[in-house]
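Engineer: Residue numbers (my numbering): 44 to 187.
Backbone N, C-alpha and C define an ideal beta-carbon position, used for all residues, glycine too.
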């Protein structure tokens, strides 16, 4: 399932989608958001709150919310769940040490009632780094 699935599920009149991008700190959420928007990615610092970007794609308006992933900010994630059409969970494929933490956080999110109708997209980021975990390995850890 991906972004196209979210767009296909929508009624023709609903042309605006709210996507919530979450993940542990340093997973690359802001970099992904800026890259999608064609912005410079050379000077990115940790997100201490949230970033919102609106992207136009095939007549759809994608409102993408990138929320900081530091441990101290995760309790605030629930403030962004309302009216979310899709959850993009970003995994740092090169961070083997925190993969279990990552899976635990995602498991907790999947229990959230306000996200029950949202489509889940798992984004295995940093695949270009030597030694990064494969998407299949990440899938296995996530389903165990």
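Could you check where the alpha helix (DSSP H) with residue 178 kicks off and where it finishes?
Structural biologist: Residue 178 -> alpha helix (DSSP H) spans 178-186.
Engineer: Would the region 116-124 count as touching the region 69-82 if we require 3 or more Cβ pairs under 8 Å?
Structural biologist: Contact between the region 116-124 and the region 69-82 is absent, because fewer than three Cβ pairs lie under 8 Å.
Engineer: Roughly how many angstroms lie between the CA atoms of residue 114 and residue 146, to the nearest whole one?
Structural biologist: Taking the straight line joining both Cα atoms gives about 14 Å.
Engineer: Taking residue 27 and residue 134 to be in contact with their CB atoms under 8 Å, please state how far apart those CB atoms are, rounded to whole angstroms.
Structural biologist: Here the chain has residues from 44 to 187 only, and residue 27 is not among them.
Engineer: Classify residue 72: buried if its beta carbon has 16 or more other beta carbons within 10 angstroms, exposed otherwise.
Structural biologist: Residue 72 is buried by the Cβ-count criterion.
Engineer: Give the DSSP-derived three-state secondary structure of residue 109 in the structure shown.
Structural biologist: In the structure shown, residue 109 sits in a strand (DSSP, three-state: E or B).
Engineer: Based on the DSSP output, what are the partners of residue 87 in its beta bridges?
Structural biologist: In the DSSP output, where bridge partners are listed per residue, residue 87 has none listed.
Engineer: Could you give the DSSP three-state label for residue 104: helix, strand or coil?
Structural biologist: Residue 104: strand per DSSP, three-state reduction.
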